[in-house]
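Structure first, commentary second.
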Amino acid sequence: MKSERDLLVEYKLARERRDDIKSALADAQQVYDHAETAMVEFLIAKEANETATYDGVGYCKMMKPLVYANCVEANKPALWAHLEKVGRKDLIRETISPAALSSYIGEVIDAGKAPPDMVSYYLKQSLKMY
51 MKSERDLLVE YKLARERRDD IKSALADAQQ VYDHAETAMV EFLIAKEANE
101 TATYDGVGYC KMMKPLVYAN CVEANKPALW AHLEKVGRKD LIRETISPAA
151 LSSYIGEVID AGKAPPDMVS YYLKQSLKMY
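Using the working numbering, read the sequence shown as starting at 51 and increasing by one per residue.
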């Protein structure tokens, strides 16, 4: 059986290792986000959806942008009325989850329609490596 001291040392080392990994992950995420943004901006400037294929690297392709929608509390009654009007009462609970609202706004955009004024949203372009 391990002593109290041994358990404490093991715990301390595990916590330090975890904190080091979290820090390294945060740094790696920043590098990744910067590289992804640069690649997306490059493809947009070229008016291209994907890169060329390179031996040993592959290629990447821009995916359909992710939609992140939001509605402030003051606009929720208008949003509820809008959703009822367009036959999407299924989205209404005590509140509308951000994922459900984002999905609905994505459907509206895909249909070529303008999202309702009471909803704010942004699109996040993403890439996929092949």
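A virtual CB, placed ideally from N, CA and C, is assigned to each residue, including glycine. Quick caveat, the model's predicted, so the values are computed rather than measured.
Please go through the same chain and pick out, in chain order, the residues whose beta-carbon is closer than 8 Å to the beta-carbon of residue 155, but skip the five residues on each side of it.
For the purposes of this step, residue 155 is taken as residue 105 along the sequence shown, with counting starting at 1. Correct list, in chain order: 117, 119, 165, 169 and 171.
Shortest alpha-carbon distance to residue 88 belongs to which of 75, 112 and 74?
The residue labelled residue 88 in the question sits at position 38 within the sequence shown. The candidate whose alpha carbon is nearest that of residue 88 is 112.
Between which two residues does the alpha helix (DSSP H) containing residue 95 stretch?
By 1-based counting over the sequence shown, the position of residue 95 is 45. From DSSP, the alpha helix (DSSP H) with residue 95 extends over 54-96.
Report yes if the C-beta distance between residue 141 and residue 133 is below 7 Å; otherwise report no.
In the sequence shown, counting from the first residue as 1, residue 141 sits at position 91. In the sequence shown, counting from the first residue as 1, residue 133 sits at position 83. Yes. Within cutoff.
Taking the C-alpha atoms as reference points, what is the distance between residue 98 and residue 151?
By 1-based counting over the sequence shown, the position of residue 98 is 48. By 1-based counting over the sequence shown, the position of residue 151 is 101. Cα to Cα, the separation comes out at about 29 Å.
Close-in-space but distant-in-sequence residues of the same chain around residue 80 (CB under 6 Å, 5 per side omitted):
Your numbering for residue 80 matches position 30 in the sequence shown. For residue 80, where only same-chain residues beyond five positions count, there are no Cβ hits under 6 Å.
Same chain, Cβ closer than 8 Å to residue 153, neighbours up to 5 away in sequence not counted
In the sequence shown, the residue the question calls residue 153 occupies position 103. Excluding residues within five positions, the ones whose Cβ falls inside 8 Å are 117.
Go through its chain and collect everything with a Cβ distance to residue 158's Cβ below 7 Å, but skip five positions before and after it.
One-based indexing of the sequence shown puts residue 158 at position 108. Cβ neighbours of residue 158 beyond the five flanking positions: 165.
How about residue 179 and residue 108: are their beta carbons less than 7 Å apart?
Sequence index remark: in the sequence shown, residue 179 carries index 129 (1-based). Sequence index remark: in the sequence shown, residue 108 carries index 58 (1-based). For residue 179 and residue 108, yes; Cβs fall inside 7 Å.
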